[in-house]
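One structure is given below, encoded as structure tokens.
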Amino acid sequence: MRWSIPDSETGHDGEPGMKALTNRSLLAGCVITGLIALMALVSFLWTPYDVTKLVVADRTQAPSLVHWFGTDHFGRDIASMIMVGARNSIAVALVAVGIGMGIGVPLGLFAAARGGLLDEALMRLNDLVFAFPALLSAIMITATFGPGAVNAIIAIGIFNVPVFARVARAGALSVWPREFILAARAAGKGQALITVEHILPNIANQLLVQGTIQFALGILAEAGLSYLGLGAQPPMPSWGRMLFDAQTRMTIAPWMAMFPGMAIVITVLGLNLLGDGIADLLDPKSRRRR
Amino acid sequence: MRLLEIEKLSLSIGAVPVLKDVDLSVRQGEIVALVGESGSGKSMTALTVMQLLPHAARVSGRVLLDGSNLLEAGEEHMCTLRGDDIGMVFQEPMTALNPLKTIGEQVAEGIRWHTRSSRAEAEERALQILDRVGLPETKFPLSRFPHELSGGQRQRVVIAIACALKPRLLIADEPTTALDVVLQAQVLDLLRDLVAENRMGLLLISHDLAVVADMADRISILRNGQLVEDGETTHVLSAQTHPYTRQLAQASTHVPEIRATTTRNKPDNTQAPLLAVQNLTRDYPGRRISLFRRGASTRAVDDVSFSIAPGRSVALVGRSGCGKSTLARMVLALDKPTAGEIRFAGESLTGRSEADLKPARRNMQVVFQDPYGSFDPRQRVEKLVAEPLHLLEKKPSKAERHEMVASALAEVGLGPDALDKYPHEFSGGQRQRISIARAIITRPKLVVADEPVSALDVSIRAQILDLFADLNARLGIAYLFITHDLTVARAITDEVMVMEEGRIVERGPTHDVLDNPQSDAARELVAAAPDLSRALARRLREQG
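Same order as they appear, the protein sequences are chains V and S. The opening position of the first sequence corresponds to residue 1 in the working numbering, with each subsequent residue numbered one higher. The opening position of the second sequence corresponds to residue 1001 in the working numbering, with each subsequent residue numbered one higher.
The structure is reproduced here in structure tokens:
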């Protein structure tokens, strides 16, 4: 029984509308993520104002032509702070995802390939790490080793490990029983080679999508930690820190909360769109049609 | 008055035309077969009647059920018809049932919905119909879940759901394709009886002419969405006036020419066997009952011994679940036997390390059933076919590899333009050719083929069987052919082994075993196997 149209092998043709939509989400994701990244890069060379310079006379000014996003309670330009904060957020999330992938994926693949008691032990260990709420474990780490961007990265990274280990293991387990793996084994390939040649490419898009999601969560986690004062330390601007500063001045200077908040929302949205788009792009069935 | 009348039905999905001017009718108590190869639009015809087409579908023509046009009926009206006046049986019993609901709930669901009866009444009726389809309450209470039933039993549940309200029209879309021949015969008998009892009309969709020849009063043959021929079954199939009908009929009983012309040499006993299996046993541990206890283990393969001489083609036949595939995996050293020994070309395979197995693996390759699942979807054909080259002592250079893959593809009738494509760009038959190319690239002495043609259309199946026969004749490759289809066994093998519950119960030259089976298991298989010429002969006799 062929449930789609007769030429079912070509896949997606059934819903051309859906396809254009996912295409558009890739485009939107790329544009948004690109702009944020560009903003972070430009901040190395140029910002409208110096974010370390306090101009008390200009404090809590509403958005105007002079200060596009207004100024904070020390008279710093919020637009400049968001630009510099972006590079902090991106760096923290990127390295944290790198740590999570670098440790988690091999761990998950290894557990799936070996199976049995070893798999069980590794995954229960994973559960143990996973059982701690991410922020709690981050607070524990920063409380022990002191606050700072590096410790925040490590804390968020450790929280990412079990996520990637699980996704990798679950994906690998669904690929292992397939017939082409059996064919590879009949060709005398060992577990390691099969994992590299067949398993990893077949779960790569799941990992990549998870990666963009974790990247977005990393940015949120970094903002959360900075909000609690456990992330990047002043004078280094960070989006979470800016929200914290804005909290007590919500009624008199709402722009202080609005713009960093929007920066977080837009970045997370852009990354999620990007993840969706990538998942579609990496499907070889649709590749031919582009 | 006709129960179902389809007039000038045309259907397109998006820009793809699917059906063109199809006329079809079903009377009360009549079985009409709709036959065609995959992509011919059979299933789409069924879905049009049920009004379950995808959204992008455009339909024209008329579909009359008792004189009212279903194409103009609203969704609400269709909901009252589906399940009540029109029942449908799907192909895949594994996915047609909800795994989270008991069979009682699933059968009673439609009854409650359509008759607005109480739960107790509905369950009472569910019991009756389940009893009727051969699942009596004493053995199969309503509280069973689908996973607790076998494939054949599940298909009976699906039939019970479709027939619970005694629909006037039953549509069965390849109802037995996923079942082995013995179960197929049982399910077909059941359908025939239900039709006779309730004077239902049955629209039976199938790709198998042999099945249809035995069942249907009338037959319609569909090709590329157009009706090729229709009429009374025995007449259409015995006259075979249309070339396509003839082509289908011949393909379904196809015997490769090489095998038909050359007399097969008797097994040469002086030659050492290529493969020798001795007292092979495989136990699977039982399900864990508690932390410290396991259930009784199941014996999938039980004390099996046999041997295959070089260049011989041997069929391993049996019902599903009899241990055929487990045996094949052990022969391929992909699964470890619990006891016994496998010797390949004089060397024992049991207890060898992966490195020591390399020479044996080089001479022993595999072709799987599913031409869709046996390739990594993310690799190109060149890399896929080259995979067994990993077994060579000396790694071939890139140019050599390219050359070897191209020649292997040429061997199976594919051009070098296939090298850079992905597997999904090929049809099922082409994929099976690629699969064979992968199997022969190391020039093996034995190829184990696990139901290699059962997922293919009859005309494609004939081509692939030709290819197997050709490779056997030219390259002297021995085959272990696992199949439940006796026509395939007859077409391409010298010897047959019949397996039942893990044991080999009969073995001998193919024609002797299939024409004159000795064991009960073999007799059962032969009796249940659909056979076009036999079915036609019987029906012609009945008609006088």
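All residues carry an ideal CB built from backbone N, CA and C; glycine is no exception.
Give a yes or no on whether the minimum CB-CB distance between residue i and chain S is below 7 Å.
| i | result |
| --- | --- |
| leucine 118 of chain V | no |
| histidine 198 of chain V | yes |
| arginine 114 of chain V | no |
| arginine 185 of chain V | yes |
| arginine 2 of chain V | No answer about arginine 2 of chain V holds up, because its pLDDT of 36 lies below 50 and its placement is not dependable. |
Kindly list the residues whose CB is nearer than 7 Å to the CB of residue i, restricted to its own chain and excluding five residues on each side of it in sequence; keep chain order.
| i | result |
| --- | --- |
| serine 80 of chain V | Thr47, Pro48, Tyr49, Val51 |
| glycine 270 of chain V | Gly29, Ile32, Thr33, Ile36 |
| serine 1206 of chain S | Ala1033, Val1035, Glu1174, Val1212 |
| glycine 104 of chain V | Asn160, Val161, Pro162, Val163, Phe164, Ala165, Ala168 |
| leucine 117 of chain V | none |
| phenylalanine 259 of chain V | Phe69, Ile78, Ile82 |
In chain S, which residues lie with their C-beta within 7 Å of the C-beta of residue i?
| i | result |
| --- | --- |
| proline 201 of chain V | Arg1378 |
| lysine 189 of chain V | His1390 |
Consider the Cβ of residue i: report whether some Cβ of chain V lies at a distance smaller than 7 Å.
| i | result |
| --- | --- |
| aspartate 1370 of chain S | yes |
| lysine 1042 of chain S | no |
| valine 1026 of chain S | no |
| arginine 1361 of chain S | yes |
| leucine 1169 of chain S | no |
| glutamate 1411 of chain S | no |
| glutamate 1354 of chain S | yes |
| leucine 1387 of chain S | With the sequence shown as reference, residue 1387 of chain S is identified as glutamate, and leucine is not the correct amino acid for it. Chain V contact via Cβ: present. |
| methionine 1332 of chain S | In the sequence as presented, methionine is not what sits at residue 1332 of chain S; that position holds leucine. Yes, leucine 1332 of chain S counts as interfacial toward chain V. |
Run down chain S in chain order and give the residues with a C-beta less than 9 Å from the C-beta of residue i.
| i | result |
| --- | --- |
| phenylalanine 164 of chain V | Chain S residues near phenylalanine 164 of chain V: none, gap ~20 Å exceeds 9 Å. |
Kindly list, in the order they appear in chain V, the residues whose Cβ is closer than 8 Å to that of residue i.
| i | result |
| --- | --- |
| glycine 1373 of chain S | Arg178, Glu179, Phe180 |
| glutamine 1278 of chain S | Going along chain V, no residue has its Cβ under 8 Å from glutamine 1278 of chain S, so there is no contact; the nearest lies around 22 Å. |
Output needed for residue i: all residues of its chain with C-beta closer than 8 Å, excluding positions within five of it in sequence on either side, in chain order.
| i | result |
| --- | --- |
| aspartate 276 of chain V | Thr22, Ser25, Leu26, Gly29, Val209 |
| leucine 109 of chain V | Ala168, Arg169, Ala172, Thr195, Ile199, Leu200 |
| glutamine 247 of chain V | Ala257 |
| alanine 1489 of chain S | Ala1315, Val1317, Phe1481, Thr1483, Val1496, Thr1510, Leu1514 |
| aspartate 1008 of chain S | The sequence shown places lysine at residue 1008 of chain S, not aspartate. So the list reads Asp1021, Val1022, Asp1023, Ser1060, Gly1061, Arg1062, once near-sequence residues are dropped. |
| glutamate 1387 of chain S | Arg1438 |
Under 9 Å between beta-carbons, which chain V residues line up against residue i? List them in chain order, please.
| i | result |
| --- | --- |
| lysine 1358 of chain S | Gly188 |
Measuring straight from C-alpha to C-alpha, what distance separates residue i and residue j?
| i | j | result |
| --- | --- | --- |
| isoleucine 1006 of chain S | valine 1032 of chain S | 13 Å |
| leucine 107 of chain V | proline 1167 of chain S | 55 Å |
| aspartate 1214 of chain S | histidine 1235 of chain S | 13 Å |
| glycine 1428 of chain S | leucine 1456 of chain S | 7 Å |
| glycine 1546 of chain S | glycine 1351 of chain S | No information on residue 1546 of chain S is available, as it lies outside the stretch 1001 to 1544 that chain S covers here. |
| isoleucine 1308 of chain S | proline 1285 of chain S | 30 Å |
| alanine 1015 of chain S | arginine 1223 of chain S | 19 Å |
| alanine 1073 of chain S | leucine 1003 of chain S | 16 Å |
| arginine 1433 of chain S | leucine 1446 of chain S | 17 Å |
| isoleucine 154 of chain V | alanine 165 of chain V | 17 Å |
| glutamate 1400 of chain S | leucine 1274 of chain S | 29 Å |
| alanine 1473 of chain S | phenylalanine 1145 of chain S | 49 Å |
| glycine 1083 of chain S | proline 1310 of chain S | 56 Å |
| arginine 1299 of chain S | glutamate 1524 of chain S | 22 Å |
| aspartate 1376 of chain S | lysine 1398 of chain S | 20 Å |
| glutamate 1411 of chain S | glutamate 1229 of chain S | 36 Å |
| serine 1374 of chain S | phenylalanine 1368 of chain S | 6 Å |
| alanine 93 of chain V | alanine 216 of chain V | 8 Å |
| isoleucine 1111 of chain S | leucine 1170 of chain S | 16 Å |
| tyrosine 1422 of chain S | arginine 1380 of chain S | 5 Å |
Looking only at its chain, what residues have a beta carbon closer than 6 Å to the beta carbon of residue i, apart from the 5 residues adjacent to it on each side?
| i | result |
| --- | --- |
| arginine 1362 of chain S | Leu1391, Thr1442 |
| glutamate 1382 of chain S | Val1405, Leu1419 |
| alanine 1328 of chain S | Val1448, Asp1450, Ile1482 |
| valine 1089 of chain S | Val1158, Ile1159, Ala1162, Ala1172, Pro1175 |
| tryptophan 176 of chain V | none |
Since residue i meets chain V, which of its residues come closer than 7 Å, beta carbon to beta carbon?
| i | result |
| --- | --- |
| glutamine 1432 of chain S | Under the 7 Å cutoff, chain V gives no residues; its nearest Cβ is about 12 Å from glutamine 1432 of chain S. |
| arginine 1319 of chain S | Ordered by position in chain V, no residue passes the 7 Å Cβ test against arginine 1319 of chain S, which lies about 21 Å from the chain. |
| glycine 1365 of chain S | Per the sequence presented here, residue 1365 of chain S reads as glutamine, with glycine not at that position. Simply Ala186. |
Identify each residue in the segment 1437-1468 of chain S for which the Cβ-Cβ distance to at least one residue of chain V is less than 8 Å, and report them in chain order. Within the segment 1437-1468 of chain S, the residues whose Cβ lies closer than 8 Å to some Cβ of chain V are Arg1438, listed in chain order.
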